[in-house]
Structure formats: structure tokens, C-alpha cells
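Student: My questions will all concern the structure given below.
Protein chains: 2
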Amino acid sequence: MSKPAFNRVAPDARRLSLIEATARVLARGGANGASVRAIATEAGVSPGLVAHHFGGVDALIAATYAQVSEQVSAALDAAVAAAGDDPQARLNTYVAASFAPPIADPALLATWTAFWGLVVAQPAIAALHDAQYAGYRAELEKLLTACGLAPAATRRAAIAITALVDGLWLELCLSPAALDADEARAITEAQIAALVR
Amino acid sequence: MSKPAFNRVAPDARRLSLIEATARVLARGGANGASVRAIATEAGVSPGLVAHHFGGVDALIAATYAQVSEQVSAALDAAVAAAGDDPQARLNTYVAASFAPPIADPALLATWTAFWGLVVAQPAIAALHDAQYAGYRAELEKLLTACGLAPAATRRAAIAITALVDGLWLELCLSPAALDADEARAITEAQIAALVR
DNA sequence: TTGCTTGTTGAACGATCGTATAATAAGCTT
DNA sequence: AAGCTTATTATACGATCGTTCAACAAGCAA
Numbered sequence: 001m002s003k004p005a006f007n008r009v010a011p012d013a014r015r016l017s018l019i020e021a022t023a024r025v026l027a028r029g030g031a032n033g034a035s036v037r038a039i040a041t042e043a044g045v046s047p048g049l050v051a052h053h054f055g056g057v058d059a060l061i062a063a064t065y066a067q068v069s070e071q072v073s074a075a076l077d078a079a080v081a082a083a084g085d086d087p088q089a090r091l092n093t094y095v096a097a098s099f100a101p102p103i104a105d106p107a108l109l110a111t112w113t114a115f116w117g118l119v120v121a122q123p124a125i126a127a128l129h130d131a132q133y134a135g136y137r138a139e140l141e142k143l144l145t146a147c148g149l150a151p152a153a154t155r156r157a158a159i160a161i162t163a164l165v166d167g168l169w170l171e172l173c174l175s176p177a178a179l180d181a182d183e184a185r186a187i188t189e190a191q192i193a194a195l196v197r
Numbered sequence: 001m002s003k004p005a006f007n008r009v010a011p012d013a014r015r016l017s018l019i020e021a022t023a024r025v026l027a028r029g030g031a032n033g034a035s036v037r038a039i040a041t042e043a044g045v046s047p048g049l050v051a052h053h054f055g056g057v058d059a060l061i062a063a064t065y066a067q068v069s070e071q072v073s074a075a076l077d078a079a080v081a082a083a084g085d086d087p088q089a090r091l092n093t094y095v096a097a098s099f100a101p102p103i104a105d106p107a108l109l110a111t112w113t114a115f116w117g118l119v120v121a122q123p124a125i126a127a128l129h130d131a132q133y134a135g136y137r138a139e140l141e142k143l144l145t146a147c148g149l150a151p152a153a154t155r156r157a158a159i160a161i162t163a164l165v166d167g168l169w170l171e172l173c174l175s176p177a178a179l180d181a182d183e184a185r186a187i188t189e190a191q192i193a194a195l196v197r
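Those sequence lines, one after another, are chains A and B.
For reference, each letter of the first sequence is one residue, going 1 to 197 in UniProt numbering.
For reference, each letter of the second sequence is one residue, going 1 to 197 in UniProt numbering.
Below, the structure written as C-alpha cells:
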């Protein structure tokens, strides 16, 4: 009988497992608690695997950032795809998705603030943020253009909407008692209506 | 001759010195680099002083949060006080001050993200945030009311402006290349004009 | 079955973490 | 000038940090 001493898994699958464990640990205890041992325990593996698959904990955290960013983008895209054809409805759906699960999640906030805290010291994390932000704004500009917004105004409108959504999302997660998703949605829809009228 | 082995300083002054050192260390290396020894070295004192004056590093960081929050509020209030009597000019000045020094400072962002990262794990920090946010919004509601905004609309307008300013400020500090203060100011002024028209 | 590749473990390393504590001395009171 | 309070230092402690590495074994190829 003698069950195996460990599970041998394909590198990609193991990397994903470690990334998901990192996200959970970050969400639970913030950046301070995200040690190699805590992550490894969460993933059910030995600490040495982090160095083996990622070279170091910094690279693992960066990879987690990239993966979480991708999931957020995917969730937003899926919401838009299910929104039908009306351009303004698509735009509203896009921003409203930021205030609903899985995006408006305290766990996601914890992950995100951990990343922001690393931007200061780690240029690689800063570069990831810039790329993610640019992609988000590009998607928003496409939706705005589809609404008939003048090309000269799209950039500024996209920045304004992004900032408003980020600010509301942040407050929604930081102190849920002061703001709920319905109100956040109503505020952004009023703003959008004023911009693309 | 024999110069003194150390400077004996009044407790309040020493506490302030340690708080300021903490802010500098947080700004320089983020929350990860803000160790007791790093702070003590920055302040030019022995590590033991942190425990003596604050009981622990967590309390020191919380005190730094409180002090930085107070400085931000003071800077905003000073800007408004110098803005004259026109209600809408006062409102515009209030939000515009968020995009100029000393508030739109990468160092301040680093300090702030460090605090956000601690909100997850430390309820005391979360309570500080709630209080600071409530105070900020209350001030904004006063300025909005002075502009003649209907009482029923002030709450929502204050939330919208706060979120917009926070989002712009965040992006302004995180990736200055993608946004400058003038554009942030123009965006908020357009938003305010639409709200209090 | 045998051999090989390599994912995985667990221990060990030095560095650094936060905190506690005894000894010291600075500055005020008397 | 003597004494007292206490701010301050320097050191030490145990815990935990990220990383390294030799040994092991799981799963595939032959």
C-alpha cells in the first residue's frame, strides 16, 4: 500500500497552485503575512518549491499580480460580452461589474493594496501596474467610442471614469459600511450619462 | 570636554521625531522596509526607544498614520482658507490641492499604501481610515452646501467627488507619466461644474 | 523491469525581525 | 553639590525571514 510521499505535478499546474495560494495568503493577512512558509503551507507543499518554480518570493508575488489582473480583466470582459449590443448599456455594464463579485471583494482589495505597497520598492511591480492600467483604459476608450464620443474627448473621459470607478471600488472595499454597490453604480451611471450625452 | 553620549529630549518631541522618521522610511521602502531598526536609525536613536515611547512598532505606525492624515487635512484647509469667499472657487481649490504638493507626493502615496496594506490585518488602522474618510467627506459636504447644492444631493455628490479625487490622486502618484496635475484638475473641475450647476 | 529525468522534500544557513532588560547618564530638583 | 527621575543605549533573546542544497522518489521511457 504505502501511499506516495508527495504528488508530482506538472510545472505549470504547480505554479498556478502556488499563485492561487499566494493570493489567498495576501488576502488573509496582507503583504506582511505573505512569507514563503505561509504560502507553501497554504499550497500544501514544501517551502523549497517557491525557489524552484519562481526563483524567489518576489517573482511569485509579481506572478500573482499578473494573474489576478488577468482575472479581473476577464471578469469585466465577460460582463460586457453578456450585456447585449447597446453601446451605452455595454459601457454601464463594464463599470458596474467593478462593484460586484468577484471584483468588489475585500480579499481582492487586500491583494491589490499589497501590490501597491510593493510598487514603491520594486520597479517590476510598477511596470506591471502601468501595463494593466493602460489596458483597462484602452478597453474603456473603445466602449466610449462606440457610444459616439468624439475622439478628442475619449482620453479624458476614460481617465475620469477610471478614476471614479477606482475611487468608489476602493472605498467600497475599505469601509463597506459607508457605501454600497447600488450607490456606487448609480454614481458612475450618472457620470457616464453626463459624459456621453 | 567629553561631549554627551546622547541627547535627552522631551517625550513629545521624541515621539514626533520617531513619527517623522517612520514616514520617511515608509516613503522610501514601503511597508516591508519599515522595521524598528530602520526607523530608529533614520531617527538617529536606539531601537529600544520605539518600545519605550510607543510600546511597539504597530502603535508607532498607527501614530504615523494619524499624523500624516492630520497634515493632509491641514494642507487642504489652508488651501481653502486662502481661496477667498466664492463658494465654488473654494470647492475647486479644495480638490485641486489634492493634486499639488505636499499631497500629490510619491512619498505620501508610499505612506498611504503602506497603511492600506495594514487595514486588512489591523482593525485599529481600519478605524483610523474610517474616521479620516468621514472627516474628509464632511468637509466636502460643507463646501457643497455653500455652493447651494440641495441637501438631498450633497451626500452622493460628496462621495462622487471624493472617489474621483482619490482615483486621480492614486493614478497621479502611481504612474505620473500617464497623467499630470493639470489634467486631473481639469477633470475634477468639469465634474464639479456638472454637479453644482 | 530498469534507468533516467526532475519535481519535491526537509533540514540547515545566516540575516533580520520585534521585543525585553540591565546598565548608563542627562538634566532637573533640592 | 548631591540626589533623583527617567530618557537612552547597548546587548541579548527567541522567532521568523528568504534562500540554498543534498537526498529522495514519482512517473515516464526504454
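All residues carry an ideal CB built from backbone N, CA and C; glycine is no exception.
Taking any Cβ of chain A, which residues in the segment 119-133 of chain B have a Cβ under 9 angstroms from it, in chain order?
Tutor: From the segment 119-133 of chain B, only 119, 120, 121, 122, 126, 129, 130 and 133 have a Cβ closer than 9 angstroms to chain A.
Student: Rounded to whole angstroms, what's the CA-CA distance from residue 94/A to residue 76/A? Just pull it up for me.
Tutor: Their backbone Cα atoms lie some 6 angstroms apart in a straight line.
Student: Sort 145/B, 166/B and 168/B by Cα distance to residue 195/B and report the nearest one.
Tutor: Considering only alpha carbons, the answer is 145/B.
Student: Using beta carbons (cut-off 9 angstroms, strictly below), is residue 88/B in contact with chain A?
Tutor: No, residue 88/B does not count as interfacial toward chain A.
Student: Should residue 108/A and residue 102/A be called a contact, given that it needs their Cβ atoms to be closer than 9 angstroms?
Tutor: Cβ distance < 9 angstroms, so residue 108/A and residue 102/A count as in contact.
Student: Residue 24/A: buried (16+ other C-beta within 10 angstroms of its C-beta) or exposed?
Tutor: Buried, since its Cβ has 16 or more Cβ neighbours within 10 Å.
Student: Using only the alpha-carbon positions, how far apart do residue 129/A and residue 47/B sit?
Tutor: Straight-line Cα distance between these residues: approximately 35 angstroms.
Student: Please list, in chain order, all residues of the same chain as residue 34/B whose beta carbon is under 6 angstroms from its beta carbon, the five residues on each side excluded.
Tutor: Closer than 6 angstroms at Cβ, skipping near neighbours: 25 and 26.
Student: For a contact defined as C-beta to C-beta under 8 angstroms, what are the partners of residue 156/B on chain A?
Tutor: Under the 8 angstroms cutoff, chain A gives 183, 186 and 187.
Student: Would you kindly check if the distance between the Cβ of residue 16/A and the Cβ of residue 45/A is under 9 angstroms?
Tutor: Cβ atoms of residue 45/A and residue 16/A: not closer than 9 angstroms.
Student: Are the Cβ atoms of residue 68/B and residue 111/B separated by less than 9 angstroms?
Tutor: Yes, these two residues count as a Cβ contact at 9 angstroms.
Student: Which of the three DSSP states is assigned to residue 173/B in this structure?
Tutor: Three-state result, residue 173/B: helix.
Student: Consider the Cβ of residue 196/A: report whether some Cβ of chain B lies at a distance smaller than 9 angstroms.
Tutor: By this cut-off, residue 196/A is not an interface position.
Student: Pair every Cβ in the segment 69-89 of chain B with every Cβ in the segment 133-145 of chain B, then say whether three or more of these pairs are closer than 8 angstroms.
Tutor: Verdict: yes, contact present.
Student: Residue 49/B by DSSP, collapsed to three states: which one?
Tutor: Reduced to three states, the DSSP call for residue 49/B is helix.
Student: By how many angstroms is the C-alpha of residue 139/B removed from the C-alpha of residue 118/B?
Tutor: Near 26 angstroms, if we compare the C-alpha coordinates of residue 139/B and residue 118/B.
Student: Excluding the five sequence neighbours on either side, which residues of its own chain have a C-beta within less than 6 angstroms of the C-beta of residue 1/B, listed in chain order?
Tutor: Bear in mind that the predicted position of residue 1/B carries a pLDDT of just 47, short of 50, making it unreliable; the figure below should be weighed with that in mind. Taken in chain order, the list of residues that qualify is empty.
Student: Is it the case that the Cβ atoms of residue 53/B and residue 11/B are separated by a distance below 9 angstroms?
Tutor: In this structure, residue 11/B lies closer than 9 angstroms to residue 53/B by Cβ.
Student: Within the same chain, show all residues whose beta-carbon is closer than 7 angstroms to that of residue 104/A, passing over the 5 residues directly before and after it, in chain order.
Tutor: Correct list, in chain order: 98, 169, 172, 173 and 181.
Student: For the segment 126-156 of chain B, list the alpha helix (DSSP H) runs that are entirely contained and at least 4 residues long, ordered along the chain.
Tutor: Listed in chain order, there is nothing to give.
Student: Would you say residue 114/A lies against chain B (beta-carbon separation less than 9 angstroms)?
Tutor: Closer than 9 angstroms to some Cβ of chain B, the Cβ of residue 114/A qualifies, so yes.
Student: Use the C-beta contact count for residue 6/A: other C-beta atoms within 10 angstroms, 16 or more gives buried, fewer gives exposed.
Tutor: Exposed is the call here.
Student: Within 10 angstroms of the Cβ of residue 120/A, are there 16 or more other Cβ atoms? Answer buried if so, exposed if not.
Tutor: Buried: at least 16 other Cβ atoms inside 10 Å.
Student: Output needed in chain order: residues of the segment 156-170 of chain A with a Cβ under 8 angstroms from some Cβ in chain B.
Tutor: Of all residues in the segment 156-170 of chain A, 156, 159, 160, 162, 163, 164, 165, 166, 167, 168 and 170 have a Cβ within less than 8 angstroms of some Cβ in chain B.
Student: Could you tell me which of 155/B, 124/B and 90/B sits nearest to residue 186/A, measuring between CA atoms?
Tutor: Nearest option by C-alpha distance: 155/B.
Student: Using DSSP with H/G/I as helix, E/B as strand and the rest coil, what is residue 67/B?
Tutor: Helix, per DSSP.
Student: Would residue 148/B and residue 162/A qualify as a contact pair, given that the criterion is a beta-carbon distance under 9 angstroms?
Tutor: Not a contact, by the Cβ cut-off of 9 angstroms.
Student: Can you find the residues in the same chain that come closer than 8 angstroms, C-beta to C-beta, to residue 210/A, ignoring five residues on each side of it along the sequence?
Tutor: Since the first residue of chain A shown is 1 and the last is 197, residue 210/A is not available in this structure.
Student: Could you tell me whether the Cβ of residue 19/A comes closer than 9 angstroms to any Cβ of chain B?
Tutor: No - not a single Cβ of chain B is within 9 angstroms of the one on residue 19/A.
Student: Report yes or no: is there a C-beta of chain A within less than 9 angstroms of the C-beta of residue 92/B?
Tutor: It does not: the Cβ of residue 92/B has no partner Cβ on chain A nearer than 9 angstroms.
Student: Where does residue 166/B sit, in a helix, a strand or coil, going by DSSP?
Tutor: Helix, per DSSP.
Student: So, with DSSP's three-state summary, where would you put residue 86/A?
Tutor: In this structure, residue 86/A counts as coil in the three-state DSSP scheme.
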